[in-house]
Structures are given as C-alpha cells and as structure tokens.
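One structure below.
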Amino acid sequence: MAQDSIGLSSDYQFWMQKLSVWKQASTLETQQDICLYLPQFQEFLRQMYEALKEMDSNTVIERFPTIGQLLAKTCRNPFVLAYDESQKILIWCLCCLINKDPQNSGESQLNSWTRGLLSRILAAFRSDIKEVDLFTQGLGYAPADYYPGLLKNMVLSLVSELRENHLNGFNTQSRMAPERVRSLSRVCVPLVTLPDFEPLVEALLTYHGQEPQEMLWPEFFDAVNEAFLLRKICLPVSAVLCLWLRHLPSLEKAVLHLFEKLVSSERNCLRRIECFMKDSLLPEAACHPAIFRVVDEMFRYALLETEGAPEVLAAMQVFTRCFVEALEKENQQPKFALKTYFPYASPSLVMVLLQRPKDIPQGLWHRPLKRISEMLKEIVEDETQGSSGGPFESWFLLAHFGGWADIAAEQLLTSVGDAEPPEALLWLLAFSSSPGDGPQQRAQTMVEVKAVLSHLGRLLGSPTPSARDLLAAAGESGEGDPRPPACQQLTRRLLLNFLLWAPGGRAMARDVITLMARTDEIMHEIVGFLDQTLYRWDHLGVDAPGSRKLARELLAELRGQA
Amino acid sequence: MDSLLQHLERFSEVLAVSRTTHVSTWDAATVRRALQWARYLRHVHRRFGRHARIRKALERRLQNQWKQEGGSGPAPALGLTNFQALGHCDLLLSLRLLANRALGDAAFHYLLQELFPGPGVPGAEEGMLQDSLALLARRRAAVHMLRSGAYRENPVLQEDSLMKTQAELLLERLQEVGEAHAEGPGRFLSRLWEHLPHNNFLKVTAAALLLPPSSPRHQEEESELGSPRRAGEQGRELLHWLLGKSEVIAAFCRNLPAGLLTSVAGRHPEVSRVYLGLLTDWGRHLHYDLQKGIWIGTESYDVPWEELYGRFQSLCQAPPPLKDEVLTTLKSCKAQDGDFEVPGLSIWTDLLLALESGA
Numbered sequence: 270m271a272q273d274s275i276g277l278s279s280d281y282q283f284w285m286q287k288l289s290v291w292k293q294a295s296t297l298e299t300q301q302d303i304c305l306y307l308p309q310f311q312e313f314l315r316q317m318y319e320a321l322k323e324m325d326s327n328t329v330i331e332r333f334p335t336i337g338q339l340l341a342k343t344c345r346n347p348f349v350l351a352y353d354e355s356q357k358i359l360i361w362c363l364c365c366l367i368n369k370d371p372q373n374s375g376e377s378q379l380n381s382w383t384r385g386l387l388s389r390i391l392a393a394f395r396s397d398i399k400e401v402d403l404f405t406q407g408l409g410y411a412p413a414d415y416y417p418g419l420l421k422n423m424v425l426s427l428v429s430e431l432r433e434n435h436l437n438g439f440n441t442q443s444r445m446a447p448e449r450v451r452s453l454s455r456v457c458v459p460l461v462t463l464p465d466f467e468p469l470v471e472a473l474l475t476y477h478g479q480e481p482q483e484m485l486w487p488e489f490f491d492a493v494n495e496a497f498l499l500r501k502i503c504l505p506v507s508a509v510l511c512l513w514l515r516h517l518p519s520l521e522k523a524v525l526h527l528f529e530k531l532v533s534s535e536r537n538c539l540r541r542i543e544c545f546m547k548d549s550l551l552p553e554a555a556c557h558p559a560i561f562r563v564v565d566e567m568f569r570y571a572l573l574e575t576e577g578a579p580e581v582l583a584a585m586q587v588f589t590r591c592f593v594e595a596l597e598k599e600n601q602q603p604k605f606a607l608k609t610y611f612p613y614a615s616p617s618l619v620m621v622l623l624q625r626p627k628d629i630p631q632g633l634w635h636r637p638l639k640r641i642s643e644m645l646k647e648i649v650e651d652e653t654q655g656s657s658g659g660p661f662e663s664w665f666l667l668a669h670f671g672g673w674a675d676i677a678a679e680q681l682l683t684s685v686g687d688a689e690p691p692e693a694l695l696w697l698l699a700f701s702s703s704p705g706d707g708p709q710q711r712a713q714t715m716v717e718v719k720a721v722l723s724h725l726g727r728l729l730g731s732p733t734p735s736a737r738d739l740l741a742a743a744g745e746s747g748e749g750d751p752r753p754p755a756c757q758q759l760t761r762r763l764l765l766n767f768l769l770w771a772p773g774g775r776a777m778a779r780d781v782i783t784l785m786a787r788t789d790e791i792m793h794e795i796v797g798f799l800d801q802t803l804y805r806w807d808h809l810g811v812d813a814p815g816s817r818k819l820a821r822e823l824l825a826e827l828r829g830q831a
Numbered sequence: 020m021d022s023l024l025q026h027l028e029r030f031s032e033v034l035a036v037s038r039t040t041h042v043s044t045w046d047a048a049t050v051r052r053a054l055q056w057a058r059y060l061r062h063v064h065r066r067f068g069r070h071a072r073i074r075k076a077l078e079r080r081l082q083n084q085w086k087q088e089g090g091s092g093p094a095p096a097l098g099l100t101n102f103q104a105l106g107h108c109d110l111l112l113s114l115r116l117l118a119n120r121a122l123g124d125a126a127f128h129y130l131l132q133e134l135f136p137g138p139g140v141p142g143a144e145e146g147m148l149q150d151s152l153a154l155l156a157r158r159r160a161a162v163h164m165l166r167s168g169a170y171r172e173n174p175v176l177q178e179d180s181l182m183k184t185q186a187e188l189l190l191e192r193l194q195e196v197g198e199a200h201a202e203g204p205g206r207f208l209s210r211l212w213e214h215l216p217h218n219n220f221l222k223v224t225a226a227a228l229l230l231p232p233s234s235p236r237h238q239e240e241e242s243e244l245g246s247p248r249r250a251g252e253q254g255r256e257l258l259h260w261l262l263g264k265s266e267v268i269a270a271f272c273r274n275l276p277a278g279l280l281t282s283v284a285g286r287h288p289e290v291s292r293v294y295l296g297l298l299t300d301w302g303r304h305l306h307y308d309l310q311k312g313i314w315i316g317t318e319s320y321d322v323p324w325e326e327l328y329g330r331f332q333s334l335c336q337a338p339p340p341l342k343d344e345v346l347t348t349l350k351s352c353k354a355q356d357g358d359f360e361v362p363g364l365s366i367w368t369d370l371l372l373a374l375e376s377g378a
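Which chain is which? The protein sequence lines are E and F, in order. Straight run, no breaks: the first sequence in the numbering used here ends on number 831. Straight run, no breaks: the second sequence in the numbering used here ends on number 378.
Structural data, given as structure tokens:
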C-alpha cells in the first residue's frame with residue numbers, strides 16, 4: 270500500500286506539471302500533447318479516486334494539499350472533460366472533498382469552492398451568447414434540456430458542410446478550409462466514442478479534400494481505430510475501409526488485434542474463428558487489393574515466424590474463405606484482376622484454386638485436384654523458374670486454400686482398395702505437408718504414404734481389426750519413429766480419415782486415438798483435425814451422417830478431456 | 020389514479036421549490052424523499068407510456084400551469100410540462116439541487132452520495148442517473164470544443180445550429196401550450212415579445228417558420244408514445260400571431276436581413292403580402308432630392324433608398340411566384356404614379372430601372 274502511495278505521489282507531480290502546461294488547451298501544441306496523454310491521465314484520475322475515497326475531506330487536504338489546483342485545472346480542460354469517462358471520475362474525486370459537517374470557515378470555504386466546480390461541470394457552460402440564454406430561459410428550458418438537440422444540430426451542420434465538398438468539387442466558396450477540417454479532426458479525438466459524434470466521424474473518414482497530403486490528424490485515425498477495435502463505435506464498412514486505406518498503422522493494428530484474439534480465445538474452433546474474422550470486417554475490406562496485400566503480408570510473416578503454426582494456417586484459411594465470399598457477394602464482375610491480389614502466382618493456378626468444391630459434383634473432385642497438383646509440380650520442380658520465389662511461395666498460395674489438401678487426403682482414403690492411388694494426389698499431399706523437401710525426399714514420402722494406404726486397404730477386408738493392428742499398419746511404432754515429423758503427421762491424418770470413413774472405424778476410434786496421442790501436441794493436432802473436418806463438411810454440404818456423428822462425438826469427448 | 024395525480028402535484032411543487040432558497044431547510048431525509056418520488060414518477064412514465072387514458076390525465080394536470088394568467092416576470096417557473104418530462108424528472112431535480120447554493124452541506128453531501136455512487140455494477144438502476152449526468156457533462160464539453168474549434172456560424176441563418184435549436188424549442192413549447200389552452204400560444208408569444216430581446220426573437224421566429232415540415236426534436240420518442248408532433252401546426256400558430264401583431268410584423272420586416280425575409284416570404288404567401296405592403300408604404304415616404312439626385316426620407320426612421328433597393332433586389336431573385344408578384348406590385352405602383360419612364364419622378368420607376376440594370 271505504501272508503495273502505491275509513493276507511486277501516486279510522483280505521478281501526481283508529473284500530472285500537476287502537465288496540467289499547468291496544458292492550461293485550457295488553446296494552442297495546437299498543447300492540444301496535440303493532451304491527446305497523446307488522455308488515456309493515461311484517465312487512469313491516474315481513477316487511481317486518485319481509489320486513494321481519495323478512503324479518506325475524509327480533511328485527510329485529503331493533508332495528504333494532497335494542492336489537490337484543489339489539480340482538480341480545478343482539470344475542470345478547465347475541455348479535452349479531458351470530453352474524453353471517455355474522465356468527467357465521471359473527476360466528479361467522483363470532487364465528491365470526496367465535500368465535508369458533511371464543516372467545523373470552521375476553512376472547511377466551509379472548501380465546500381463552497383468544490384460545489385462551485387461541480388456546478389461548473391454539470392450546470393454551467395453557458396452558451397456564451399446572452400440572447401440565446403435569455404431566449405431559452407424565457408421558454409422555460411434549462412441547458413440540460415436543449416444541449417443534446419444543439420449538439421445534434423451542430424453535428425448535422427458540420428456533416429453537411431463536409432459532404433458538400435464532395436459534390437461541389439471545384440466550387441471554392443462552399444469548400445471547408447483544410448485547416449478547419451484538420452482542427453475538426455483534432456476536436457474529435459476525445460469524442461469518437463460519443464454516439465452523437467458518429468455521423469461526424471464517418472463524414473471525416475470519407476472526406477476527400479483537394480489537397481494532395483492527408484489533412485486529417487493521425488491521432489484521429491488512431492482514436493477511431495482503437496474505438497472500433499474495442500467495439501465502442503459503430504461504423505459502416507465503407508468508413509472503416511477509408512480509415513484503413515488512409516492510415517496504414519490502423520490496418521496493421523487491426524490485424525494484430527485479430528491475431529491476439531485468435532490466439533487467446535478458444536483455439537481449434539474454426540466456427541468461432543470465422544465469427545471473429547467476419548466481425549473484424551477485414552475480409553470485406555480486403556476486397557480492396559491494397560488491404561488484402563497488407564493482411565496477406567502479415568499472415569506470411571506470422572507463418573514464417575512461427576514456422577507454419579497450425580493456428581496461423583487455420584486462421585489464414587478462414588480469412589481466405591471469408592474474403593472469397595465477400596468478393597463474390599460484392600459484385601458479379603470482379604473490380605480488380607486476380608493478379609492484383611496474388612501478384613506472384615500464375616493466374617490460371619489461382620483460378621483453379623478459387624474454384625468452389627461445392628460447385629463441382631463430388632465424384633469429379635479429382636479433376637481440379639489433379640490440375641492443381643500438376644501446375645504446382647511444374648512450378649516447384651522447374652529449377653529454371655527462379656522468380657516464383659521458390660517452393661515457399663507456391664506452398665503459401667496453396668495454404669490459403671488449404672481445403673484442397675484435406676480433400677485430397679479424404680479422396681485417397683475413400684478410394685483406398687479400389688485402385689492405385691493417383692500420383693498427383695500423393696504429390697499434392699506430400700508437398701502441402703512438407704514443401705521444403707527435395708525431389709528424392711518427396712518421392713520417399715509418397716512411397717511411405719502409398720504403403721500406409723495399401724495396409725489400410727487390406728484392413729478394410731478383415732472382419733474386426735484391432736486398434737493395434739491399425740497402428741501397426743500405419744507404421745506407428747510408438748517411440749523412436751524414424752520418419753520425419755511431417756510424414757508422421759500425414760500418416761496420422763490418413764488414420765483419422767480412415768476411422769471416420771471405414772465401417773469398422775467407429776468401434777476402435779477411441780482406442781486408436783488414445784494410443785496415437787502420445788503428447789499434448791498430438792492431441793491438439795487430432796482435435797484440430799476433427800474440428801477442421803467438420804467445418805469443411807458443413808461448408809461443402811457433404812452428406813455422411815455416420816461419419817459426421819462420429820466426428821462430433823469424438824470432438825466433444827476430446828474437448829471435454831482437455 | 021387519484022394518488023398518482025397527488026404524487027404528481029406534490030412532486031411538481033418539490034421541483035419548483037428545488038430552485039429556491041427554501042431548500043436551506045431541507046435535510047438528507049428530505050432529499051431522499053424527493054429523489055424517491057422522482058424515481059417513482061420515472062417508473063410511472065415507463066409503465067404507463069402506452070396507456071393513453073392515464074397519460075392524458077397526467078398531461079392535463081401538468082398543463083394546468085399554462086392556464087395560469089400573468090406569468091411572473093420573463094421566465095416561467097416551470098416544473099414538469101408534459102408527460103415526456105417524467106421520463107427524466109430525476110435528472111431535472113438533481114441538476115437543480117446541484118446548482119442550488121442554498122442547500123445545506125449535510126443535505127448536499129447526501130445528494131452526492133445518492134447521485135454518484137462510484138464505480139460499481141454498470142447499468143444498474145442507481146448507476147443510470149450517474150451516467151446521464153456524466154453524459155451531460157461530456158456533451159457540454161463537446162459543444163464547447165466544437166464552438167471554439169471548428170464550428171463557424173452559418174451565414175444562412177436558418178441553417179445555423181443555434182438558431183435551429185432555438186426555433187425547435189420554440190415550436191415545441193408552442194405545441195404544449197396549445198394543447199393546454201386554445202388561446203395559449205398567442206398569449207405566450209406576446210409575453211415573450213414583451214420580455215425578450217427583440218432581435219434574437221425575430222430571427223428565431225424566422226428560422227422557425229423555415230423549419231422543414233417534420234423536424235421536431237423528439238420525433239422518434241413521439242411516435243413511440245403515439246402522439247406525433249408536427250412542426251407545421253405550431254408554425255401556423257406562430258404565423259397567425261405574427262401577422263396579427265402589426266408592431267411585430269413591422270419590426271420583423273424592417274430588422275431582419277433581406278435574404279432571410281425573402282425565404283420566409285417565399286414559403287408563406289401571407290407574409291409576402293404584408294411584406295410587400297410595408298415596402299410600398301416605406302417607399303412612399305421617400306421623396307426625390309433634385310440637388311443630390313437621390314431619393315431620401317425626411318424622418319430618421321424612414322427606410323433609406325439603398326435598403327429598399329436591396330430588399331427588392333433580393334425578392335426579385337426569388338423563384339416565381341414570388342418574383343412575379345413583386346414585379347407586378349412594382350409595375351402597378353408605377354402605373355398609379357403616372358407610369359413615367361423618366362427617373363426622378365416616381366420611386367417605383369427608378370426602382371424598376373435599377374433592378375433591370377442590376378439584374
């Protein structure tokens with residue numbers, strides 16, 4: 270407790286000094302400075318209140334002799350009063366100074382002075398035009414009655430002035446001077462969360478002046494972005510789009526905010542992730558290529574940093590899905606060529622990847638899969654093509670549309686035992702799980718996978734395979750598995766697919782999973798696989814009630830265990 | 020029902036007293052009671068908002084104060100004036116008490132505790148008043164910042180926010196007064212004219228006459244409570260009063276800027292008729308000074324030529340039918356004078372000549 274009070278004392282000195290410099294926030298520099306410190310000052314006020322509420326009026330004066338000055342200066346600063354909850358906290362602090370039963374003239378005076386300040390914040394602030402005051406009083410209205418209406422009219426008037434610029438274009442008379450627009454954006458900084466100001470914020474964001482440079486204050490964009498991310502303001506997509514296009518740091522912050530939310534919230538639930546994603550408005554905004562590129566870049570960076578973390582991959586896939594959906598909804602004819610979104614990729618490859626499996630009959634899914642595989646193979650294994658950025662770029666592109674690799678795995682499984690598994694699908698799987706492999710290693714992986722598939726195929730025939738049989742078939746030998754981790758992951762995926770699709774799978778599912786999940790990470794992977802599979806089935810409308818039921822049950826059980 | 024009305028009466032008294040020095044006799048218990056009553060009435064507002072019969076009965080009782088003759092001084096000592104005000108009667112009471120210096124220290128201390136319980140469960144009943152008061156302070160700061168920062172007075176008077184707000188308030192009051200008593204608006208307006216600065220009052224009247232047909236402030240709330248208020252009706256009352264008072268309409272036409280008057284005349288043909296009549300009257304008072312070669316008046320209150328010309332010019336820039344009406348009037352006056360084409364003989368000739376050359 271003593272430590273807190275020492276901290277508070279030094280803060281106190283700091284803010285006293287600040288307030289003296291700020292005075293009434295009349296100059297540009299002071300306004301700029303105040304806007305930077307508004308959140309911290311509010312925090313300080315809160316701490317002061319917590320300290321003051323424990324004391325009685327006399328103790329307060331003993332402890333903080335200059336508190337009167339501090340509070341009075343704050344009352345005179347309209348920026349502080351306009352910000353968030355600062356005015357409320359200030360009132361609380363003032364209430365702490367009121368003495369219920371003043372014993373001497375000093376205490377009475379303090380009471381009187383404090384009441385004056387309270388009155389000033391709540392009841393004064395006359396319109397400083399005498400006639401208006403007289404008129405409203407004559408009608409019998411108090412300022413409290415008409416201030417909301419006055420504010421609304423002022424906002425409307427400013428909004429129509431800003432919008433006029435749009436329409437009038439070159440009509441110099443009605444154009445709002447750029448300096449005024451700038452000063453307006455400054456005034457808005459503490460007030461973005463006031464609902465009355467929403468139309469004004471929107472009008473400022475969508476305002477396009479004649480000047481080549483940005484007239485709006487950067488702190489304005491920051492404040493709007495913060496308020497938007499914390500859901501303290503409601504803005505239409507067009508306004509948010511303007512915000513992000515005009516102020517890159519806001520866009521970056523929005524993406525980081527999303528990442529944080531995804532990491533901290535329930536992982537492994539794609540449905541939830543989709544909700545967050547859509548709420549963030551990023552997929553919709555990404556229909557504008559500049560925004561898409563920035564977001565994509567951040568995903569790329571995140572993947573590189575985390576070395577392909579499955580959470581980041583999943584988030585990117587959901588993002589791409591929502592983005593494609595938004596793109597289709599927006600217009601029949603795409604406004605921008607695909608190349609603007611994916612400049613490093615071959616347009617024909619992008620076209621194929623963008624195809625919706627939903628639009629293709631399930632029996633024909635192998636066709637686009639084959640094409641994708643062939644095209645990728647050509648790009649990746651062609652050594653002379655140095656410009657394509659190596660296998661990473663191709664893998665990164667494929668990872669956006671991760672559903673294809675999953676479908677490939679499923680296809681291989683469901684057709685096991687029929688014929689030889691198509692090389693194209695094997696290649697695709699191998700590539701997607703381990704893009705950095707050289708051609709020999711990849712060939713080796715493909716051979717392994719083929720072996721697993723043929724073992725599984727044989728097991729289909731046997732009457733009641735046991736869990737151990739299955740694992741043995743898959744080459745899951747427990748500790749000391751010589752195969753590389755990517756290959757092991759692939760195997761697990763195939764196994765799980767088998768459990769979901771094979772008739773005998775249900776019986777041994779739990780045993781198999783228990784034996785497979787040697788580590789937490791693997792358990793995580795299994796849960797992720799189940800969630801992803803169900804999510805994909807829902808979106809593609811796959812009709813497989815038995816498999817679906819099993820997957821759901823398993824997922825629920827495993828989640829319950831975690 | 021009766022007890023409800025009694026409560027209402029009692030609370031109205033309390034509200035009226037809360038502004039006077041009488042509160043010096045109040046202690047914490049009195050404050051508590053007053054706040055409780057306010058809360059109760061707010062609850063009544065919420066519950067019976069859709070109940071037409073009860074609402075009407077309450078409104079009738081509240082409108083009684085308008086029926087009282089001879090308001091003391093310029094500002095009526097108002098309590099609650101309509102059913103809607105019940106919705107925030109606790110806010111009204113609180114603000115009055117907070118500003119009243121006569122309230123004793125102990126009572127004030129109690130009031131603060133009740134109004135500002137501090138951080139706690141947000142959205143709880145007790146917290147609502149605290150939040151409303153904080154919002155009020157915040158909005159005030161916002162208005163202040165806009166005015167000293169980016170806001171400029173709109174040269175088009177009827178678009179100016181302050182003017183518009185005053186105009187909206189005026190029409191709202193007229194509505195209430197009109198509901199209480201058929202002749203209420205006329206008397207009310209006369210009283211305002213007697214006590215308020217004329218210049219501002221006239222401007223607000225003009226702005227009120229130019230408000231778009233359905234722009235009352237509480238339109239959303241009104242439609243909820245089922246009594247739509249139209250600016251059109253009160254505008255008619257205002258116009259009726261204005262045209263009935265020769266002193267007022269003369270000042271209206273004389274003192275307000277030409278452009279504003281043209282807009283009003285364009286919207287309200289009755290005004291254009293009176294306006295033109297006054298203008299022709301003023302014109303007749305001027306005579307031609309041969310030496311100086313200009314039209315001048317003899318008395319100090321005579322309207323000078325420049326102003327007369329300016330007003331006619333503005334009127335001629337209005338869209339028809341006003342423009343046509345003005346030109347017809349001028350031409351007929353010119354004909355009456357003898358239909359001269361030479362300048363210096365009839366002011367109407369000269370005006371028409373100037374307008375044509377200026378146009």
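All residues carry an ideal CB built from backbone N, CA and C; glycine is no exception.
- Item | Through-space distance from Phe-207 (chain F) to Ile-367 (chain E), alpha-carbon basis | Walking along the first sequence from the start, residue 367 (chain E) turns up at place 98. Walking along the second sequence from the start, residue 207 (chain F) turns up at place 188. In a straight line, the C-alpha of Ile-367 (chain E) is about 42 angstroms away from that of Phe-207 (chain F).
- Message: For Glu-187 (chain F) and Pro-204 (chain F), what's the separation of their Cα atoms in angstroms?
- Response: Numbered from its first residue, the second sequence carries residue 187 (chain F) at position 168. Numbered from its first residue, the second sequence carries residue 204 (chain F) at position 185. Rounded to the nearest angstrom, the two C-alpha atoms are 15 angstroms apart.
- DSSP state of Asp-308 (chain F), grouped into three classes? Counting from 1 along the second sequence, the entry for residue 308 (chain F) is found at position 289. DSSP places Asp-308 (chain F) in strand when its eight states are reduced to three.
- So does the segment 684 to 694 of chain E actually touch the segment 702 to 714 of chain E, counting three or more Cβ pairs closer than 8 angstroms? no
- Would DSSP call Arg-236 (chain F) helix, strand or coil? The sequence position of residue 236 (chain F) within the second sequence is 217, counting from 1. The pLDDT assigned to Arg-236 (chain F) is 48, lower than 50, so where the model puts this residue is not dependable, and the model offers no usable value.
- Query: What residue range is occupied by the uninterrupted beta strand (DSSP E) comprising Ile-502 (chain E)?
  - Reply: One-based indexing of the first sequence puts residue 502 (chain E) at position 233. Unbroken run through Ile-502 (chain E): none, as it is neither H nor E.
- What are the residues that DSSP puts in a beta bridge with Ile-315 (chain F)? Stepping through the second sequence from its first residue, residue 315 (chain F) is reached at position 296. F:His-306.
- Task: Give a yes or no on whether 8 angstroms exceeds the smallest Cβ distance from His-70 (chain F) to chain E.
- Result: If you number the second sequence from 1, residue 70 (chain F) lands on position 51. By this cut-off, His-70 (chain F) is not an interface position.
- For Arg-384 (chain E), three-class secondary structure by DSSP: Residue numbering aside, residue 384 (chain E) sits at position 115 when the first sequence is read from its first letter. Note: Arg-384 (chain E) maps to helix in three-state DSSP.
- Message: Would Ser-209 (chain F) pass as an interface residue toward chain E - the criterion being a Cβ-Cβ separation below 8 angstroms?
- Response: Translated into positions along the second sequence, residue 209 (chain F) becomes position 190. No, no contact with chain E.
- Item | alpha helix (DSSP H) segments (min. 4 residues) lying fully within the segment 628 to 676 of chain E | 635 to 650, 659 to 669
- Using a threshold of 8 angstroms, state whether the C-beta atoms of Ala-492 (chain E) and Val-461 (chain E) are closer than that. For the purposes of this step, residue 492 (chain E) is taken as the residue at position 223 of the first sequence. For the purposes of this step, residue 461 (chain E) is taken as the residue at position 192 of the first sequence. Yes, the pair counts as a contact, with Cβ atoms nearer than the cut-off.
- Query: Under 8 angstroms, do Gly-197 (chain F) and Glu-256 (chain F) count as touching if we go by C-beta distance?
  - Reply: Here residue 197 (chain F) refers to the residue found at position 178 when the second sequence is read from its first residue. Here residue 256 (chain F) refers to the residue found at position 237 when the second sequence is read from its first residue. Result yes, Cβ atoms of Gly-197 (chain F) and Glu-256 (chain F) sit closer than 8 angstroms.
- Given Glu-28 (chain F) as reference, the closest of F:His-214, F:Leu-99, F:Thr-39 once Cα atoms are compared: The residue labelled residue 28 (chain F) in the question sits at position 9 within the second sequence. That would be F:Leu-99, whose Cα lies nearest to the Cα of Glu-28 (chain F).
- Throw me the rounded Cβ distance for the Leu-623 (chain E) and Val-593 (chain E) pair, which I believe falls under 8 angstroms. Here residue 623 (chain E) refers to the residue found at position 354 when the first sequence is read from its first residue. Here residue 593 (chain E) refers to the residue found at position 324 when the first sequence is read from its first residue. That pair is a contact at about 7 angstroms.
- Task: Show which residues of chain E have a CB atom less than 8 angstroms away from the CB atom of Thr-4 (chain F).
- Result: Past the boundaries of the shown model lies residue 4 (chain F); chain F is included only from 20 to 378, so the question cannot be answered.
- Message: Using C-beta distances below 8 angstroms, list every residue in its chain close to Leu-427 (chain E), excluding the 5 sequence neighbours before and after it, in chain order.
- Response: The residue given as residue 427 (chain E) occupies position 158 in the first sequence. Contacts found: Leu-453, Leu-469, Ala-472.
- Message: Nearest by alpha-carbon distance to Trp-367 (chain F): which of F:Leu-215, F:Gly-377, F:Asp-356, F:Glu-375 is it?
- Response: By one-based count along the second sequence, residue 367 (chain F) stands at place 348. With distances taken between Cα atoms, Trp-367 (chain F) lies closest to F:Asp-356.
- Can you give the Cα-Cα distance for Gly-707 (chain E) and Ala-668 (chain E), rounded to whole angstroms? If you number the first sequence from 1, residue 707 (chain E) lands on position 438. If you number the first sequence from 1, residue 668 (chain E) lands on position 399. Their Cα atoms are separated by approximately 19 angstroms.
- Task: Quick one: give me the first and last residue of the alpha helix (DSSP H) that Ile-336 (chain E) is part of.
- Result: Translated into the one-based positions of the first sequence, residue 336 (chain E) becomes position 67. Unbroken alpha helix (DSSP H) run through Ile-336 (chain E): 336 to 344.
- Task: Give me the Cα-Cα distance between Pro-339 (chain F) and Gln-406 (chain E), rounded to the nearest whole angstrom.
- Result: The sequence position of residue 339 (chain F) within the second sequence is 320, counting from 1. The sequence position of residue 406 (chain E) within the first sequence is 137, counting from 1. Each residue's alpha carbon lies about 40 angstroms from the other.
- Item | Proximity of Ala-741 (chain E) and Val-721 (chain E) at Cβ, strictly below 8 angstroms | Walking along the first sequence from the start, residue 741 (chain E) turns up at place 472. Walking along the first sequence from the start, residue 721 (chain E) turns up at place 452. Not in contact: Ala-741 (chain E) and Val-721 (chain E) (Cβ atoms no closer than 8 angstroms).
- Item | Within chain F, partners of Ser-374 (chain E) - CB distance below 8 angstroms | Against the first sequence, residue 374 (chain E) aligns to sequence position 105. None at all; the shortest Cβ gap to chain F is about 13 angstroms.
- Do the segment 770 to 781 of chain E and the segment 550 to 564 of chain E touch if we need at least three Cβ pairs shorter than 8 angstroms? no
- Item | As assigned by DSSP and simplified to three states, the class of Ile-367 (chain E) | Against the first sequence, residue 367 (chain E) aligns to sequence position 98. Ile-367 (chain E): coil per DSSP, three-state reduction.
- Item | N-terminal and C-terminal residue of the alpha helix (DSSP H) that Arg-761 (chain E) is part of | On the first sequence, position 492 is the one that residue 761 (chain E) refers to. Note, Arg-761 (chain E): alpha helix (DSSP H), 754 to 770.
- Nearest-angstrom beta carbon gap, Phe-404 (chain E) and Gln-332 (chain F) [assumed within contact, 8 angstroms]: On the second sequence, residue 332 (chain F) is found 313 positions in, with the first residue counted as 1. On the first sequence, residue 404 (chain E) is found 135 positions in, with the first residue counted as 1. Incorrect: roughly 31 angstroms between the Cβ atoms, too far for contact.
- Return no unless some Cβ of chain E is closer than 8 angstroms to the Cβ of His-163 (chain F). If you number the second sequence from 1, residue 163 (chain F) lands on position 144. Closer than 8 angstroms to some Cβ of chain E, the Cβ of His-163 (chain F) qualifies, so yes.
- Query: How about Ala-263 (chain E): is its C-beta nearer than 8 angstroms to some C-beta of chain F?
  - Reply: In the structure as shown, chain E starts at 270 and stops at 831, and residue 263 (chain E) therefore has no counterpart that could be examined.
- Item | Cβ separation of His-64 (chain F) and Leu-110 (chain F), assumed to be a contact under 8 angstroms, to the nearest whole Å | Counted from its first residue, the second sequence places residue 64 (chain F) at position 45. Counted from its first residue, the second sequence places residue 110 (chain F) at position 91. The pair is not a contact, with the Cβ atoms about 12 angstroms apart (cut-off 8 angstroms).
- Task: Reducing DSSP to helix, strand and coil, say where Gly-68 (chain F) ends up.
- Result: The sequence position of residue 68 (chain F) within the second sequence is 49, counting from 1. Coil.
- Hey, does Val-175 (chain F) have any beta-carbon neighbour from chain E nearer than 8 angstroms? The sequence position of residue 175 (chain F) within the second sequence is 156, counting from 1. No, Val-175 (chain F) lies away from the interface with chain E (no Cβ there is under 8 angstroms from its Cβ).
- Have a look at Ser-16 (chain F) and Asp-369 (chain F) and give me their C-alpha separation to the nearest angstrom. Residue coverage of chain F in this structure runs from 20 to 378, which leaves residue 16 (chain F) outside it and unanswerable.
- Does the separation of the CB atoms of Arg-762 (chain E) and Glu-717 (chain E) fall below 8 angstroms? The residue you call residue 762 (chain E) lines up with position 493 of the first sequence. The residue you call residue 717 (chain E) lines up with position 448 of the first sequence. Contact: no.
- How is Trp-696 (chain E) classed by DSSP in three states: helix, strand or coil? Within the first sequence, numbered from 1, the residue matching residue 696 (chain E) stands at position 427. Here Trp-696 (chain E) sits in helix by DSSP.
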